[in-house]
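Enquirer:
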Amino acid sequence: MEDYKYLFKVVLVGNAGVGKTCLVRKFTQGIFPPGQSATIGVDFMIKTVKVGEDKIKLQIWDTAGQERFRSITQSYYRSAHAIVLVYDVACQPSFDCLPEWLGEIEQYANRKVLKILVGNKVDKEDEREVPERIGKNFADANGFDYFLETSALDATNVDTLFQEVATRLTNDMKLTDERFHNFKSNENRDGNISILDRVLERAKCANCRT
Amino acid sequence: MKTSNLAELAARTKSEDCVSPKQDNIHSPPFRKGHFRRSSYESAKIQLDHIKYSGRRGPLYVGRVNSLNSCDLNEAARSTQTVVTFNLDRDRDRECSTSFASIETVPTMDSGLGSVCSKRSSLDRRSQTSNSHFECCSTSDFDSHSSPRLCDDAGFVEEEEEDVELHSRNRDSKLKPNNQQDQSKRRIVLPALNIAKTLFSRNRQSEITSKLWRPNNRIFKESNCISTTGLIFENRPSNLPAKSEEEAAKHRALYQELIEQAKKKEAKEAKEQKRLRELQRKMEDQVAASCKIWVEQILPKWAEIKTSKKCKELWWQGIPSLVRGKVWSLVIGNDLNLTPDLYEICCNRAKMKLEEINKMRAERSISNPIGGAPPSPTNRENTIDSIQLDVGRTFPHLGIFQEGGPYYDLLINLLGAYVCYRPDIGYVQSMSFIAAVLLLQMDPYPAFVAFANLLNRPLQVSFFRLKKPQMTAYFIAFDQFFEQELPELYAHFDAHDVRSDIYLIEWIYTMFAKSLPLDVTCRIWDVYLRDDEDFIFKTAIGILRTFEQHLLSLEFDEIVHFLCHIPDSLTSVELFANIEPLMKPYINTGETAKCKRSFVQILAEVNERVHPYHHLYATEGISMLTLDPNLCTNGLSSSNSTSSGLSTSTHTSISGIKISRSLSFFLRDMLKSPPAASSEQSFTLKKENGMPMSSSSCNLSN
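Chains A and E, in that order, are what the protein sequence lines are. As numbered in UniProt numbering, residues 1 to 210 make up the first sequence, in order. As numbered in UniProt numbering, residues 1 to 702 make up the second sequence, in order.
1. Could you check whether E/Leu551 and E/Ile559 sit closer than 8 Å to each other, using their CB atoms as the reference points?
2. Tell me, which residues are paired with A/Gln59 by DSSP?
3. Short of 6 Å in beta carbon distance, which residues of its chain neighbour E/Ile357, apart from the five on each side in sequence? Order them along the chain.
4. Rounding to the nearest angstrom, what Cα-Cα distance links E/Leu398 and E/Ala436 in this structure?
5. Run down chain C in chain order and give the residues with a C-beta less than 9 Å from the C-beta of E/Val428.
6. Within the stretch 379-450 of chain E, note down every full alpha helix (DSSP H) run reaching 4 residues or more, in order along the chain.
7. Please list the residues of the stretch 22-48 of chain A that have a C-beta atom closer than 9 Å to any C-beta atom in chain E, keeping them in chain order.
8. Just confirm the distance between the C-beta atoms of E/Ile459 and E/Ile387, as a whole number of angstroms; I'd bet it's less than 8 Å.
9. Please classify E/Ser381: is it buried, with 16 or more other beta-carbons within 10 angstroms of its beta-carbon, or exposed?
10. Just checking: is the beta-carbon of E/Lys514 within a distance shorter than 8 Å of some beta-carbon in chain A?
11. According to DSSP, is E/Asn179 part of a helix, a strand, or is it coil?
12. Considering only their Cβ atoms, is the gap separating A/Val122 from A/Thr150 smaller than 8 Å?
13. What number of angstroms, rounded off, separates the C-alpha of A/Thr63 from the C-alpha of E/Ser572?
14. So E/Cys347 and E/Ala417 are supposed to be a Cβ contact under 8 Å. How far apart are they, rounded?
15. With DSSP as the reference, label A/Asn157 as helix, strand or coil.
16. When you compare the CB positions of A/Ala80 and A/Val113, do they come within less than 8 Å of one another, or not?
17. Assign E/Met352 to buried or exposed, taking buried as 16 or more other Cβ atoms, counted over all protein chains shown, within 10 Å of its Cβ.
18. Could you list which residues in chain E have their beta carbon closer than 7 Å to that of A/Ala16, in chain order?
19. Of all the CB atoms in chain A, is at least one closer than 8 Å to the CB of E/Val560?
20. Could you tell me if E/Ser662 is buried or exposed, where buried requires 16 or more neighbouring beta carbons within 10 angstroms of its beta carbon?
21. Could you have a look at E/Leu667 and say whether DSSP puts it in helix, strand or coil?
22. When you check each C-beta in the stretch 502-533 of chain E against every C-beta of chain A, which residues fall closer than 7 Å?
23. Is it buried or exposed for A/Gln92, if we count other Cβ within 10 angstroms and need 16 for buried?
24. Expressed to the nearest angstrom, what Euclidean distance is found between the alpha-carbon atoms of E/Glu247 and E/Glu260?
25. Using DSSP's beta-bridge definition, name the partner residues of A/Asn120.
26. Distance, Cα to Cα, E/Leu150 vs E/Lys271?
27. Quick check on E/Pro396 - is its C-beta less than 8 Å from some C-beta in chain A?
28. Which same chain residues end up closer than 8 Å to A/Glu127 when comparing Cβ atoms and leaving out the 5 residues on each side of it in sequence?
29. Residue range of the alpha helix (DSSP H) that E/Tyr474 falls in?
30. Starting from A/Gln59, find everything on chain E with Cβ-Cβ shorter than 7 Å and list it in chain order.
31. Exposed or buried, what is A/Thr21 when buried is set at 16 or more other beta-carbons lying within 10 Å of its beta-carbon?
32. Whose C-alpha, out of E/Val295, E/His496, E/Ile579, E/Met283, is nearest the C-alpha of E/Glu660?
33. Suppose the cutoff is 8 Å on Cβ atoms and the five residues either side in sequence are ignored; what does the same chain contact list for E/Lys312 look like?
34. Would you mind telling me which residues of chain A sit closer than 7 Å to E/Leu466, beta carbon to beta carbon, in chain order?
35. So, at 8 Å on beta carbons, what are the nonlocal neighbours of A/Gly19 in its own chain, with the 5 sequence-adjacent residues on each side left out?
36. Could you tell me the distance, in whole angstroms, from the CA atom of A/Arg202 to the CA atom of E/Glu608?
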């Protein structure tokens, strides 16, 4: 029986061929598979990371990129704690599709899901089509929680990415747990609580991330 | 005059019969390039000897030889000289005339430490005859010596030229009488002598000097009784006291034991290898036999024989790869009536399209981006773009579908042609795997025909065209079939929320080509083409059954990970043994409610319940199949009402469709049913101990 404090479900989405599977493989197995098959449906990996003293288990769902599979992959969004939207910095179309993906996320994922934008393949600096600034601006304008450029090939920021995901989710979780306990204890003390308070509490909660 | 003739003769015969690469080393220094490496012990010994004898001349050497011959070998060993041993063939010794044999041997009594050939060549060039030396070297002692072994000084190589000179003189003088007798027949050949380089040689066994001399019509065959181990008559360095009898015996026994063990091991390995070879041959024979039957008996009368029991049995064993492509083509047929012309047209169109896209892309990267138009639902020709991406990612371990590989263009053409043939479907990821398997078995055009017709089968149409109601029916049918066949594992999966779609999607889309080893995939396809789509689901159950015990011991994470990455070690024998129980015809007595149903039956029943509302999906697109997860454990409520609340009471009549709770989530999502507030999934992940572990603020917000 593994012991871990929290279990988080991280879902990777993005166009076909942007390197989602390679990112996951690099992070979970430390290898960059030179010949990687296209993902059909979904691939699944697990990795345990440490945030401070806590062991955090990440369930990483690596989805098929092709548009055809969206109606299948969207069912994986539902219970995701974090969605990592990946594009290829050397492939403009993969960046152009981001609004579509955002639409999917907004439609099917939880409202408070942690959204991360990742520009992959920065090792292809010569072929770069999407400048870092553009990616950063897009992330800021569309309510992403975090933006990062990575390379699964030379491991740039791969560990940072998932570590950041784990850290942020853990912190959120701790905050939530705390609030939940306070809320409960308040409830117990007062014996009753007005609906207005409840609504206020929820609003605060909803704003806490954005 | 005579001597010079002799020398010439010697030199000539030498070059004829001996390998003598170096010629001009008469004045070479004692240590030359190409010397064998010596241990420090040997070197020290040699130097010592050298110092001792450097001032002396030939006679000393001869004296030494004589003393060696006359004295006990052990004595020689204990003398200050390092002793080199070599074997002379006993017979040869006897054959030789007394003086002759000895003299012939002397020049080759090379210590092995120096380069023999150079010395010999120098010998041959020498033309001086020295009777005194001859006298000294008269080797009746040699002959009379009981032992075939002769000893020489390891320091021999270090000796000054005079010593070398001695040998040549000796030999030449010996040859003289023979030469007078019969010059025409005279040939001098170095006798075969295997000489150990050093007495206690380490890793130097490879360099054994062995030459053949044939003095005066007497042919000495290369001795074969000599081995490096045999040459060492001293089992320890000479400066150490001899072993006691007891110890020696013990060591001999140990040595024997080692040899015995090695022999036993070798025998065992040989036996195992033989067994494997036998097995292999047996299998090959079997394949060859079945191949013969397929080619000679089945294929000529395909139409009549294909449904026969014998043929089906043979089919189950697997189609030999020689005829596999042919059989597949025959079975898949060509209901679509595709023609080579059509294929040609599609291919050309695909090429044009591809060039167009590549050109557009090049232009766009120069001028600034203009967002790609989303593919229209009726024309998915643009998906041709992603073919290039996926072809290189097809069976990467085979390395033949990658750019520059022999199948790269073939696969691109086939998929491109299909996209142009069916622009409404376009390219769907995973098609590359199916096309690749077909291409491995047949030529491009038959592969295209097989591909198009295969994708026209109901299962493939449902999935590749994303017909959600049909897909739903397949998922539900599999769910029920799974429960019926492997109830324990089914319960385990359900308890851990392992949904069948997680693994089933890849299995169905690629028809196991991506998930299983290629040979296993081909065997599955063999039977799939014989039995149709239900075999895909039977195979799925077969895989689960193969790993059932293992899967039962795993948790959610491991189960999903395992099923997403089936071990490559899975063999077709193992898998088919686990599918076989599913192949028996189901006897439906109708008496017990628990009687087993075949997959086809289950699917038909499910379809009946799902499909009456098919037209409604088509028009409204959503939510006709409302799945309330709270009810799903009792039954799936397929309702003609859009309200999930109502469905509970009004549609109990169709609660026969049972599906697992977890799958119901997936199906609901897939069918794009808008999430009803009541069934909003709680955002709680449970730890194994059952303690709810709040994982998101979602709990609060509800």
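Glycine is no exception: its CB is placed at the ideal position from the N, C-alpha and C atoms.
Expert: This is what the structure gives:
1. yes
2. A/Lys9, A/Ile46
3. Asp385
4. 11 Å
5. Considering every chain present, this structure includes no chain C. Its protein chains are A and E.
6. 384-391, 408-421, 431-441
7. Pro33, Pro34, Gly35, Gln36, Ser37, Ala38, Thr39, Ile40, Gly41, Val42, Asp43, Phe44, Met45, Ile46
8. One point to set straight first is that residue 459 of chain E is Leu, not Ile, in the sequence displayed. Not a contact, Cβ separation roughly 23 Å.
9. Before going on, a small fix: residue 381 of chain E reads as Glu here, not Ser. By the neighbour-count rule (16 or more Cβ atoms within 10 Å), E/Glu381 is buried.
10. yes
11. With a pLDDT of only 45 at E/Asn179, under 50, the local geometry of the prediction cannot be trusted, and the value read off the model is given with reservation. Helix.
12. yes
13. 29 Å
14. 5 Å
15. coil
16. yes
17. exposed
18. Ser386, Leu389, Gln429
19. yes
20. buried
21. helix
22. Ile502, Ile505, Glu506, Tyr509, Thr510, Lys514
23. buried
24. 20 Å
25. A/Asp88
26. Because E/Leu150 carries a pLDDT of 40, less than 50, the predicted location of this residue cannot be relied on, and no value is offered for it.
27. yes
28. Ala90
29. 468-485
30. Asp557
31. buried
32. Per the sequence shown, residue 660 of chain E should be read as Ser rather than Glu. Comparing Cα-Cα distances from E/Ser660 to each of E/Val295, E/His496, E/Ile579, E/Met283, the minimum goes to E/His496.
33. Arg530
34. Arg68, Ser71
35. Val86, Asp88, Asn120, Lys121, Ala152
36. 46 Å
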